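Protein chains in written order, with the numbering used here: chain A, 1 to 345; chain B, 1 to 345; chain C, 1 to 345.
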Amino acid sequence: MQPVRLSELAAALGMEWEGETDPLITGVAGIADAGPGDITFVSQKGFAHFLERTRAAAVILPPGSPSRIPVLRAEDPYGAFARLLARLEPCPERIFTPGIHPTAVVDPSAQLGERLSLGPYVVIGAGARVGDRCALGAHVVVGPDTVMGEDCRIYPHVTIREGCVLGRRVVLHAGAVIGSDGFGYLPGSAGLSKIPQIGRVVLEDDVEIGANCCVDRATSGETVVGAGTKIDNLVQIGHNVTLGQHCAISAQTGISGSCRIGNLVTMGGQVGVADHLAVGDDAKLAAKSGIYKDVPPGMTMFGYPAFERTVAFRMVANMRKIPELLQRLRRVEQALGTAGEQRED
Amino acid sequence: MQPVRLSELAAALGMEWEGETDPLITGVAGIADAGPGDITFVSQKGFAHFLERTRAAAVILPPGSPSRIPVLRAEDPYGAFARLLARLEPCPERIFTPGIHPTAVVDPSAQLGERLSLGPYVVIGAGARVGDRCALGAHVVVGPDTVMGEDCRIYPHVTIREGCVLGRRVVLHAGAVIGSDGFGYLPGSAGLSKIPQIGRVVLEDDVEIGANCCVDRATSGETVVGAGTKIDNLVQIGHNVTLGQHCAISAQTGISGSCRIGNLVTMGGQVGVADHLAVGDDAKLAAKSGIYKDVPPGMTMFGYPAFERTVAFRMVANMRKIPELLQRLRRVEQALGTAGEQRED
Amino acid sequence: MQPVRLSELAAALGMEWEGETDPLITGVAGIADAGPGDITFVSQKGFAHFLERTRAAAVILPPGSPSRIPVLRAEDPYGAFARLLARLEPCPERIFTPGIHPTAVVDPSAQLGERLSLGPYVVIGAGARVGDRCALGAHVVVGPDTVMGEDCRIYPHVTIREGCVLGRRVVLHAGAVIGSDGFGYLPGSAGLSKIPQIGRVVLEDDVEIGANCCVDRATSGETVVGAGTKIDNLVQIGHNVTLGQHCAISAQTGISGSCRIGNLVTMGGQVGVADHLAVGDDAKLAAKSGIYKDVPPGMTMFGYPAFERTVAFRMVANMRKIPELLQRLRRVEQALGTAGEQRED
């Protein structure tokens, strides 16, 4: 962002500001992440302790809340922060030049909406439809019969294969592949025979998918990513998966074929979920967990193999007690005169 | 697939059908995966129990086998299923338009076979050879001196670097990179010096490689993926690896440099194999295993670090016994009057 | 490489050679990796034991060092090996054709250096700058306002997003994505709201980044990869990370947002580092480790969750002692007549 004085920001947003200094604001961040130069916000009581230690330059607070750093005042700090964020978005026209680049190859049977940005070397297949105000970066490939809702933003080198469906405001980051074949083979005497993957992928409204992710098409039927779900980079979504709404899936996680993941599920990075499992609403899977059985709603899992969090933490703590156990057992054996093997260290 | 009645399918395949209803078939699946609307098959006795619980709409069975759901009859159910699958393959001409797109950049010294499909913006380097009936999607890049056998299918945005060799019927999914430099450096006082990676990659007949995979070229010599081996998405194959025939490698697995993997090996997702290891024929590496030493033929490994499966399962089970151990030890100590530290929980 | 006789290599490098035979050299490798046909080197005493067992065809050694295989003599074996490597580099003109391909789309406001290679379908955005002697393969996309130093080598299908900075001699392998949005959202009643990612990525001199990697731009400020750091394939670098100089990061590792990684750090494959952690200089993180707290300088970590290496190895060894513990405890209980539950196996 262009650095601005807090006073200028206050004027631009129509808000009051207070402070002994008028700091230069160079960035934005949540209260847990904010560093020097950042403006942040606190709307819930549970976050007040962050405010004491923050290195942020300024904070958005409700009227009357005390602060040792400069403040913007808003009845609804979160809403004000969201309005601020919207102002900071880089000018999309710089990144996605309006209009259709002359090198774009659009099949005559494709249907294009209004006010598009199609970058250089975009390829749009037969029967595809692209909604109004979509922006497709350089080299994006949209397969035949794929349908895309309004206001999607597709970064360079994305491949969307044939017959997929994207809702509105879907964001796909560079190099993502949507609709690749699922990994399905039948073993036989001559090796593995491919099971044709003839289903599709459906990405609902407001889905965002990270760079170099892969979302496989269903064998038949649909692989679905629910509305509002956000997926980080290098994530694998297997065929026939149903991923619910408003989930957050961190980088390098893999969800195997035919899993049914509920709404509001969060997964840390490098999680693996074995095939055909059900993960309930609001479940939390800690980073690097290896999930091998169904997870009930609301449960937090950790470990490989993964257990409910308190069980898993107890297991790790217990592992560290084995040397003490051995020592105490040896003492007991000596007291009894039954001492067995002495070869332990 | 286009939904069809079981009776129509029977007529098209020249088979008998039986059933109280004539269900609408909307998909195909193996017996373990089949859901409503699917047609499946059972040819081996070991799978009969799946048939009792399946939600499939219909099943292919040998004459005389009982079934509570509608049936197609075939002496060889697997063969009949394979014929069915072949019929369901989407028309490849819809996805890979026949002919050479006028925007394809083909070096004059490259040799092109007959009946190709080269999509928009394909780039083929000097001295490359592309076999008959190959289909290359939009934006595929084939490096100089790379050779590709007949009937390969290469999806958009694949990069095959210089001097690699692909057999016949090789399938590469979108975004895969074949022949990237291996990760080889020499440490010195001025930092890490790159060891030139001057070998190549050989993919034998019927290899299939998933979206956004990386197969590194050898330092010198060859990185080899054996005939019939299938690799899922986002897999890493390091330099100088030899991967055998008819292996199945699931998503996000990584095989480090110079490993020698046998034939018919299966690896779950997110497995890691350390460098310079040998994994024997028919070995099975469970999802997320961390392999740090050679694996004998036929062995099943699990865990991080990985052990033979029964050993690994026993270790997990034992970890859960530590609280009980502590409790019993405390009772013994009390009986003896030797009670030591009491600070355990 | 073109196979050459050891005597020819000696003549070309101006060195003496000795040996009972004049072997055909077909490759190069470090002493730990060298196989038949390779030439290697030993400069440090600590590696002499490798020399006894090596299958290499020849070795570079200081004058006077004994060897059972043919030898090239050099006062500085490492330096001689480095000179040899430089000779073996494949001719870059074969891979990156000199000049600007007529299909390259270069914005009129971009500034191009001298002696470039821009491959087919390269796209360079408004305000971007490309340094002298840079080589950009087919389909590379350079976003608006991105700046690239001299002598960079960018392989096909790389995306560098807007406003990023590359130093000199940076190498990016095929499919890598530099400057993708960080994974930052604010939870609210209407789901997750995107925090605009308005920072950039800085890759310092001599950085090398593997195929299909992702390096996310900062929320505000910079994600930095330090000079000389080498990153393998499919690695994820989160937003706001600072990665030091001369690090080596193996394939499929993920470094979460806002981590500060020191200099000369090495990470094995599939390591995960949780967000906001500090990893000290010279630390070593073993393959598949799950790092959840700060790592002091020089420490070697292993495990999930990761502990200092000797602690982690002890934990694994201890886990294997539980059956013996149970057995000994049972014996003690029997001796005391207090035998409790007998349900253990």
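We put the CB at the ideal spot given by N, CA and C, even for glycine.
This structure is a prediction, so every number in the text was calculated from the model and none was measured.
Same chain, Cβ closer than 7 Å to residue i, neighbours up to 5 away in sequence not counted
{"i": "B:P297", "result": "G262, G280, D281, D282 and A283"}
{"i": "B:H246", "result": "G228, T229, N263 and L264"}
{"i": "A:T362", "result": "Residue 362 of chain A is absent from the structure shown; chain A starts at 1 and stops at 345."}
{"i": "B:P323", "result": "none"}
{"i": "A:N212", "result": "G175, A176, N233 and L234"}
Own chain, CB closer than 6 Å to residue i, minus 5 neighbours either side, in chain order
{"i": "B:Q252", "result": "L234, G269 and Q270"}
{"i": "A:P36", "result": "R55"}
{"i": "B:Q236", "result": "C214 and G254"}
{"i": "C:T300", "result": "K284 and R309"}
{"i": "C:V202", "result": "V165, E222 and V224"}
{"i": "C:V147", "result": "R129 and V165"}
{"i": "C:F302", "result": "A286, S289, R309 and A312"}
Nearest-angstrom Cα separation, counted from residue j out to residue i
{"i": "B:A135", "j": "C:S7", "result": "46 Å"}
{"i": "C:A80", "j": "C:Y292", "result": "42 Å"}
{"i": "C:V106", "j": "C:V123", "result": "6 Å"}
{"i": "A:P92", "j": "A:A86", "result": "12 Å"}
{"i": "B:M315", "j": "C:V273", "result": "26 Å"}
{"i": "B:P98", "j": "B:V140", "result": "15 Å"}
{"i": "B:D345", "j": "A:L325", "result": "Because the pLDDT at B:D345 is just 41, under 50, the model does not fix this residue reliably, and the value given afterwards should be weighed accordingly. Roughly 13 Å separates the two Cα atoms."}
{"i": "C:R343", "j": "B:A32", "result": "Only weak support exists for where C:R343 lies, its pLDDT of 43 falling under 50; the coordinates are left without a value."}
{"i": "C:I198", "j": "B:S117", "result": "41 Å"}
{"i": "C:S180", "j": "C:E52", "result": "49 Å"}
{"i": "B:A34", "j": "B:I25", "result": "12 Å"}
{"i": "B:A312", "j": "B:G210", "result": "30 Å"}
{"i": "A:P90", "j": "A:V4", "result": "15 Å"}
{"i": "C:T266", "j": "C:G167", "result": "22 Å"}
{"i": "B:I178", "j": "B:I249", "result": "16 Å"}
{"i": "C:D22", "j": "B:K194", "result": "27 Å"}
{"i": "B:A110", "j": "C:I160", "result": "30 Å"}
Same chain only: Cβ atoms within 8 Å of residue i, ignoring 5 sequence neighbours per side
{"i": "C:D145", "result": "G125, A126, G127, A128, E162 and G163"}
{"i": "A:H276", "result": "S256, G257, S258 and C259"}
{"i": "A:E20", "result": "P70"}
{"i": "B:V42", "result": "I31, A48, F50, L51, V59, I60, L61, S65 and P77"}
{"i": "A:R133", "result": "G113, E114, R115, L116, E150 and D151"}
{"i": "B:E341", "result": "Confidence is the limiting factor: at B:E341 the pLDDT is only 47, short of 50, which leaves the residue's position unreliable, though a coordinate-based value still follows. Excluding sequence neighbours, B:E341 sits near nothing in its chain."}
Within chain B, partners of residue i - CB distance below 7 Å
{"i": "A:S193", "result": "A82"}
{"i": "A:R68", "result": "None at all; the shortest Cβ gap to chain B is about 40 Å."}
Rounded Cβ spacing between residue i and residue j (contact assumed at less than 8 Å)
{"i": "C:D38", "j": "C:A12", "result": "Rounded, the Cβ-Cβ distance is 17 Å, inconsistent with contact."}
{"i": "B:R328", "j": "C:E333", "result": "7 Å"}
{"i": "C:M319", "j": "B:N240", "result": "That belief does not hold up - the Cβ atoms of C:M319 and B:N240 are roughly 34 Å apart, past 8 Å."}
{"i": "C:M1", "j": "C:R73", "result": "The pair is not a contact, with the Cβ atoms about 21 Å apart (cut-off 8 Å)."}
{"i": "B:E208", "j": "B:I231", "result": "7 Å"}
{"i": "B:V158", "j": "B:G175", "result": "7 Å"}
{"i": "B:T219", "j": "C:G27", "result": "6 Å"}
{"i": "C:D216", "j": "C:G238", "result": "6 Å"}
Residue i Cβ short of 8 Å to the ligand FMN heavy atom set
{"i": "B:L136", "result": "This structure simply doesn't include the ligand FMN, nor any ligand for that matter."}
Within chain B, partners of residue i - CB distance below 8 Å
{"i": "A:N263", "result": "Neighbours of A:N263 on chain B: none; closest Cβ ~21 Å, over 8 Å."}
{"i": "A:P305", "result": "V316"}
Under 9 Å from the C-beta of residue i: neighbouring residues of chain A
{"i": "B:T146", "result": "Under the 9 Å cutoff, chain A gives no residues; its nearest Cβ is about 20 Å from B:T146."}
Neighbour list for residue i in chain B, Cβ cutoff strictly below 9 Å
{"i": "A:F41", "result": "Here the premise fails: no neighbours, minimum Cβ distance about 37 Å."}
{"i": "A:Q252", "result": "L234, Q252 and Q270"}
{"i": "C:K293", "result": "Within chain B, no residue comes near C:K293; the closest Cβ sits about 19 Å away, beyond 9 Å."}
Listed by chain order, chain A residues near residue i by CB distance under 7 Å
{"i": "B:M1", "result": "I198 and S220"}
{"i": "C:V4", "result": "Result: empty, since nearest Cβ-Cβ is about 39 Å, beyond 7 Å."}
Beta-carbon neighbours of residue i, restricted to chain A and to distances below 8 Å
{"i": "C:S258", "result": "D33"}
{"i": "C:V170", "result": "Within 8 Å Cβ-Cβ: nothing; C:V170 doesn't reach chain A, min ~18 Å."}
Cross-chain neighbours of residue i in chain C, by beta carbon under 8 Å
{"i": "A:P323", "result": "R314 and N318"}
Between the region 144-158 of chain C and the region 171-182 of chain C, do at least 3 Cβ pairs fall closer than 8 Å? yes
Could you list the residues in the region 91-103 of chain B with a C-beta less than 7 Å from some C-beta on chain F, going in chain order? Among the chains of the structure shown, chain F does not appear; the protein chains present are A, B and C.
Contact the region 180-188 of chain C vs the region 175-189 of chain B: 3+ CB pairs below 8 Å: no
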